[in-house]
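Data block below; observations after.
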């Protein structure tokens, strides 16, 4: 579970006491340390456009499995995400579309699920 396998300490999104400001503070500290030690510093930045909208369902399921979330909860979350229907009013017509990917905007669980998916990137980058 997330209690047993916490979010990576370098992740600053959607956590109490952390923010873009704390991420920036950490980054500047690392750069200053490198430069003070006579080393070079290289930063690579990327913005994941439509992160919540474009998160693959398979990535969400994989993150839940890696965090050892119990199967009943994994299955419930998987069903909730896979069986989502997006409804849109276009004039007098209502259109229903089955969501193929992504997390619900404004969903209470969405930030935690996104953090779990993004965590795998942080773990991968820290190994390099």
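Numbering (the working numbering), first residue to last: 313 to 440. The beta-carbon is built from N, C-alpha and C at its ideal position, and this holds for glycine as well. Every value quoted in this text rests on a predicted model; they were computed, and no experiment measured them.
Burial is judged here by how many other beta carbons sit within 10 angstroms of a residue's own beta carbon; residue 331 has fewer than 16 and is exposed. One alpha carbon belongs to residue 334, the other to residue 320, and they sit about 14 Å apart. If you look at residue 408, you'll find it in the beta strand (DSSP E) that goes 405-410. DSSP places residue 397 in the strand class (E or B) of the three-state scheme. Where residue 340 is concerned, the enclosing alpha helix (DSSP H) starts and stops at 332-348. Taking all protein chains shown into account, residue 431 has 16 or more neighbouring C-beta atoms within 10 Å of its C-beta and is therefore buried.
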